[in-house]
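Worksheet: the structure to be examined is printed underneath.
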Amino acid sequence: MLLLCLASLVVLVGSAAAAEQEQTLAEQAKRQPTQDPGKAVVQQQRERSAGDQEELDRDQDSLGPIAAPAAGALTLTPDEIAEIADGKKMIATPTGRAPIIDGIIDEDVWAHSDVVSDLLQRDPDNGQPSSQRTEIRILYDEEYIYVSFINFDTEPDKITATDLRRDSRLQADDTIAVFFDTFHDHRNGYVFRVNPLGTKYDATVKDETELNSQWDEKWEAAAQITERGWEAEMAIPWKAVRFPAGDHIWGMGFKREIRRRNEEVNWSSWRRGYDFRAVSQMGHLVGLKNLKLNGRYRLKPYVSGGYNDLNATEAPISEGNGDIGIEDFKVQITPNITADFTLKTDFAQVEDDEERVNLTRFPLFFPERREFFLESANVFRFGSASEHGGFGSPDALLFHSRRIGLVDGDPVPMNYGIKLTGKIGGSTIGVVNAGTGNLINAGNERVSGSNYSAVRWRQDILGRSYVGAMFTNVEGEGSKYNRVFGLDASFRFLEHASIGGYVAQARGNDINGGSWVGQFGAGWDSDLWSLNAGYSRVDEDFETDLGFIRRRDVIKQKVSGSWTPRPHFDWMRQISFFGSVDYITDIGGSLQTREQSVNARFSLESGDSFSVRVERKFERLEEEFDVEDEAIVPAGDYNFNEWSLSFNTFQGRRFSARTRVGGGGWFSGSRKAYSLSGTGRFTEKFNLSPSWNINIITLPDASFTTHILRVRGGYNFSDRWLTSALVQYNSLDDSMAVFARLNYIYRTGDDFFLVLKQTSLFEGVYSGQQNRAIIAKMTRSFDF
Numbered sequence: 011m012l013l014l015c016l017a018s019l020v021v022l023v024g025s026a027a028a029a030e031q032e033q034t035l036a037e038q039a040k041r042q043p044t045q046d047p048g049k050a051v052v053q054q055q056r057e058r059s060a061g062d063q064e065e066l067d068r069d070q071d072s073l074g075p076i077a078a079p080a081a082g083a084l085t086l087t088p089d090e091i092a093e094i095a096d097g098k099k100m101i102a103t104p105t106g107r108a109p110i111i112d113g114i115i116d117e118d119v120w121a122h123s124d125v126v127s128d129l130l131q132r133d134p135d136n137g138q139p140s141s142q143r144t145e146i147r148i149l150y151d152e153e154y155i156y157v158s159f160i161n162f163d164t165e166p167d168k169i170t171a172t173d174l175r176r177d178s179r180l181q182a183d184d185t186i187a188v189f190f191d192t193f194h195d196h197r198n199g200y201v202f203r204v205n206p207l208g209t210k211y212d213a214t215v216k217d218e219t220e221l222n223s224q225w226d227e228k229w230e231a232a233a234q235i236t237e238r239g240w241e242a243e244m245a246i247p248w249k250a251v252r253f254p255a256g257d258h259i260w261g262m263g264f265k266r267e268i269r270r271r272n273e274e275v276n277w278s279s280w281r282r283g284y285d286f287r288a289v290s291q292m293g294h295l296v297g298l299k300n301l302k303l304n305g306r307y308r309l310k311p312y313v314s315g316g317y318n319d320l321n322a323t324e325a326p327i328s329e330g331n332g333d334i335g336i337e338d339f340k341v342q343i344t345p346n347i348t349a350d351f352t353l354k355t356d357f358a359q360v361e362d363d364e365e366r367v368n369l370t371r372f373p374l375f376f377p378e379r380r381e382f383f384l385e386s387a388n389v390f391r392f393g394s395a396s397e398h399g400g401f402g403s404p405d406a407l408l409f410h411s412r413r414i415g416l417v418d419g420d421p422v423p424m425n426y427g428i429k430l431t432g433k434i435g436g437s438t439i440g441v442v443n444a445g446t447g448n449l450i451n452a453g454n455e456r457v458s459g460s461n462y463s464a465v466r467w468r469q470d471i472l473g474r475s476y477v478g479a480m481f482t483n484v485e486g487e488g489s490k491y492n493r494v495f496g497l498d499a500s501f502r503f504l505e506h507a508s509i510g511g512y513v514a515q516a517r518g519n520d521i522n523g524g525s526w527v528g529q530f531g532a533g534w535d536s537d538l539w540s541l542n543a544g545y546s547r548v549d550e551d552f553e554t555d556l557g558f559i560r561r562r563d564v565i566k567q568k569v570s571g572s573w574t575p576r577p578h579f580d581w582m583r584q585i586s587f588f589g590s591v592d593y594i595t596d597i598g599g600s601l602q603t604r605e606q607s608v609n610a611r612f613s614l615e616s617g618d619s620f621s622v623r624v625e626r627k628f629e630r631l632e633e634e635f636d637v638e639d640e641a642i643v644p645a646g647d648y649n650f651n652e653w654s655l656s657f658n659t660f661q662g663r664r665f666s667a668r669t670r671v672g673g674g675g676w677f678s679g680s681r682k683a684y685s686l687s688g689t690g691r692f693t694e695k696f697n698l699s700p701s702w703n704i705n706i707i708t709l710p711d712a713s714f715t716t717h718i719l720r721v722r723g724g725y726n727f728s729d730r731w732l733t734s735a736l737v738q739y740n741s742l743d744d745s746m747a748v749f750a751r752l753n754y755i756y757r758t759g760d761d762f763f764l765v766l767k768q769t770s771l772f773e774g775v776y777s778g779q780q781n782r783a784i785i786a787k788m789t790r791s792f793d794f
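The sequence shown begins at 11 in the numbering used here and counts up one residue at a time.
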C-alpha cells in the first residue's frame, strides 16, 4: 500500500508540474504582469479560440460600451426599492469580457463600471473621509463576480506588505476587503481580503458575530504596488458562495486598512459600536441579474504516505503507511443547498497543535481543522457561551466535530461522512452523519467505532433574531448510545441590545433519567458602554459524546460591564475600564468559585497598548488537584488575589512584541507568571515569532516551574511555495516537539504537503527516546 501511495504521489506531482508548465506557456503568450504570472489563472481559464474571441469582440462592439445603468433603470420590485431606501448602493455591471487578474486596473472593461469611493474612517477620526482615496468597481459574468480596487496613496513607498501566507491574519499589512451578504438577510456573509502582495484571506460570518476563518474556497486575486498606490483584483466564482438564483440584491461592505496610520476605513460599517462583521450595517449591491449555478460538483481526493518510527512507547514501532481517500466531494444541489461527502478522512495530520500548559482542573479546547467539517461549520453552532451574557469561552458545546475520529486523544479511523447544509427561505438547515472504525491504541486496548449524527435547524425572525433546535445522536458498540436535544434563541434589538439562550437535555446509558444544560443572558454592547448578565447550568451527569463540556455540576452567574471613553488627547485613542463578577455554585447551591476582577486598558494612537488587571478569587476543591508528580493541591477552600501588567507594541511594525508579568496567590501557595513574545517580519518571505511562557508555582510542600518555549517561523519562496516550522519545549513533561512543513500550492485549492514531526522526551521511563513521523500528502480537486 505504501508503494502504491508513493507511486501515486509521483504521478500526481508530475501531472501538477506539467499543468503548471502549460499555464506558464499560456501566460507568456499573453500580457506579462510584473508579479507572479500565476495570478492570471482566471484569464487562462477563459481562453477561447481566436475566432471565438473575434466574434465576442464584434458582439461587444455592436452593443457599444457597457455603461453602468442608472439606479432608476434597474428592474426592482416595490419591496426591494423600500429595502434599499436607506443605506449606500452600488451597481454591479455585467460584462462579456473577463478582465485579466493581474493587479493592474487599466483595462477598458473596468472603465464602464460603477465606481464607489466614499469610504469613511472608523478610526481614528470616526465619520471623516479616508486620508487616502479608494476606488472600487464590480463586474460579473456567468461564472465570476469581479472586484477591483485602486488604493491611492500619496506615499506609496510606505505601503506595508510583508506576508505571503494564505489565510494569514495580515495584522501587519495594508489590506482591502469585500463582504458579501448573498442572501441579503442582514446577518450572514462571506469575507474576501487581500494585501498588496495578493495574499488571500477568506472567512464566513454567521449572525454578525461568529467568524469562521478556517473556511477556504477557490478564488483568484492579484495585487501590485504602483506609482499611484496599490491596486488589487479579485475573481470569485459563483460556486464559491451560496446565493438564491435569479435577480437579487446583495448586502455588501468594503474595508481598507492603512497600517502605518493605524487607520481603518469602511464604505458602510463605519460607525463605532459595530465592526466589519456587522452585516446589518452593510450597503446594497444591485444589478445582479439571472444568477444561476455553474458547476455543481467538486471531487477532492487525497493520497498520503509516510513512515513512523515510534520509540517512546511500550511497543516500539517502525513502519510505513499510506492511504487514499476523498477529503471532500461537494454536490451543489441548488445554489443555496450543498451536500458534502468524505471517505477515509485524513485527521489533519499536516496541521499543528500548539503545546499548552493546563494549570486548571478543566480540559483544554482544541479547534477543528478538517476540510469536510470546516465547510459550513457555523451552521452547527449551538450552545456557544460567548453569544449572550458576556460569558467568554464556552462551558458547553453540543456539537464539536473534533470529537468525531478522536477518542481519549487517539485518532480513530473515520470511514465516511455525509453532510447537507443550506438555506431555504429564512430557514438554515444542517444534517451530518459520520462513522468511525475500530482501533488498537498505544495501550494495546481496542477502541470501537461509533456512528455520529447531528441535525440543526434555525429560523430567522424579525430583523436580526432567530429560534432554532438541534438533535445529536451517537451510537456505539452494542446498545451504547448518547442523545441530546436542544432549543435555542437569540433576539437583537435597539441596535446594541441582545437577549437569548438555550436549553438541552441528554439521555444515554450512562445518564440516570434526563440531564440538562442551559444558558440565558442579556446585554447591551456599544462603543462607549456595555453591561451583560448571564446564568448557566450544567447538570452533574450531563454528557454529550458529540460535544464539549468544560465543567459539570455547576450553576454559573455572571455580571460584567465596561466604560470605554475616547479622551481628546493626541496620543490616546481609547481607554477601557472593565469589571466582572463570576459566582459559581454546584447544583445544590454550595459555592465553588467566585471571581471578581477589574481591568484597565489604554490604547494609544500609535497602536501600542498597555493594561493592568486585578482579580480576587475563591476556589473550593472537593478533591485534591494533581498538577505535577510531586505537586498536589489538597482539597479545601482557598481565597487568593492575582494581578497582571501587560504591554503590546503595534503589530503593524515589522518588529512587534508582547509582554506580560503577573503574580499573586495560587490555591495554597503563590504563582508568578511571565510571558514574552515577538514577531519579526524581516522580509515578505521570512518571518520569525519566538515566545516564552513561565509559571513559577510555590506550594507549602513543593515548588515547580513550567516553561513553554516556542519558536514559529517560515520562509516563503513565493505565494505558492510556503515553508513553516514550529519548535516547542514543554517543561511539564520535559519534551521537545518539532513540526516542519513544506506546502506547494500547485493549483488554487490543491496542495502538496511534506511534513516532518518529531517528539523527544528527556525524563521518565522513555527518557532519551524519540517519536518521528514523515508524512507526504497531495490533494487534487476536479470541478465539473
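Even glycine gets a Cβ: it sits at the ideal position worked out from N, Cα and C.
The beta strand (DSSP E) spanning aspartate 118 covers which residue range?
Counting along the chain, aspartate 118 falls outside any beta strand (DSSP E), though it belongs to the alpha helix (DSSP H) covering 118-121.
With which residues is lysine 216 paired in a DSSP beta bridge?
Glu220
Between Val275, Leu298 and Val126, which has its C-alpha nearest arginine 132's C-alpha?
Val275
Please state the DSSP three-state secondary structure of tryptophan 467.
strand
Once DSSP output is grouped into helix, strand and coil, what is the label at proline 166?
helix
Closest by CA to glutamate 273, which one among Pro134, Ala750 and Ala231?
Pro134
Measuring CB to CB, does glycine 486 end up less than 8 Å from serine 525?
no
Which residue comes first and which comes last in the alpha helix (DSSP H) that contains phenylalanine 383?
381-384
Taking 7 Å as the limit between beta carbons, can you name the residues of its chain near lysine 99, skipping five residues before and five after?
Ala81, Gly293, His294 and Val296
What number of angstroms, rounded off, separates the C-alpha of tryptophan 534 from the C-alpha of threonine 769?
47 Å
When you compare only the Cα positions, how much space is there between phenylalanine 628 and methionine 244?
54 Å
Enumerated in chain order, which unbroken segments of the beta strand (DSSP E) with a length of 3 residues or greater are wholly contained in the region 442-528?
461-471, 475-485, 491-503 and 507-518
Provide the residue(s) that pair with leucine 298 in DSSP beta bridges, ordered along the chain.
Looking at the DSSP assignment, leucine 298 forms a beta bridge with His258.
For serine 290, which three-state DSSP category applies?
helix
Near threonine 715, what residues of its chain come up, given a Cβ to Cβ distance below 6 Å and the 5 sequence neighbours on each side ignored?
Ile706
Counting along the chain, where does the beta strand (DSSP E) carrying arginine 691 start and finish?
Here the beta strand (DSSP E) through arginine 691 covers 679-691.
CB of glutamate 145 to nearest heavy atom of the ligand FMN: below 7 Å?
Inclusion of the ligand FMN in the displayed structure is not the case, the ligand content being empty and no account of it being possible.
Would you give the residue range spanned by the beta strand (DSSP E) that tyrosine 317 belongs to?
307-320
Under a Cβ-count criterion, where at least 16 other Cβ atoms within 10 Å of its own Cβ denotes burial, should glutamine 138 be classed as buried or exposed?
exposed
Grab me the residues of lysine 168's own chain with a C-beta within less than 8 Å of its C-beta, minus the 5 sequence neighbours each way, in chain order.
Arg270
Terminal residues of the continuous beta strand (DSSP E) containing glutamine 768?
760-771
Determine the extent of the beta strand (DSSP E) in which threonine 669 is found, giving its start and end residues.
Here the beta strand (DSSP E) through threonine 669 covers 665-676.
Would aspartate 177 and asparagine 198 qualify as a contact pair, given that the criterion is a beta-carbon distance under 8 Å?
no
Within the same chain, show all residues whose beta-carbon is closer than 6 Å to that of isoleucine 347, passing over the 5 residues directly before and after it, in chain order.
Gly432
Have a look at histidine 258 and alanine 102 and give me their C-alpha separation to the nearest angstrom.
11 Å
Give the secondary structure of phenylalanine 390 by DSSP, where H, G and I count as helix, E and B as strand, and everything else as coil.
helix
By DSSP, does lysine 249 sit in helix, in strand, or in coil?
helix
Reducing DSSP to helix, strand and coil, say where serine 616 ends up.
coil
Which value, in whole angstroms, describes the spacing of the CA atoms of serine 278 and glycine 759?
31 Å
Let me confirm a value: alanine 387 is counted as buried when at least 16 other C-beta atoms fall within 10 Å, else exposed. Which label applies?
buried
Using only the alpha-carbon positions, how far apart do lysine 566 and arginine 730 sit?
48 Å
If we count the other Cβ atoms within 10 Å of its Cβ and call it buried at 16 or more, is tyrosine 307 buried or exposed?
exposed
Identify every residue that forms a DSSP beta bridge with serine 158.
Arg147 and Glu243
Leaving out the 5 sequence neighbours to the left and right, which residues in its chain are closer than 6 Å to tyrosine 491 when beta-carbon positions are compared?
Glu485 and Gly518
Mapping the DSSP letters down to three states, classify arginine 132 as helix, strand or coil.
strand
Please determine, among Gly662, His194 and Gly283, the residue with the shortest C-alpha to C-alpha distance to tryptophan 573.
Gly283
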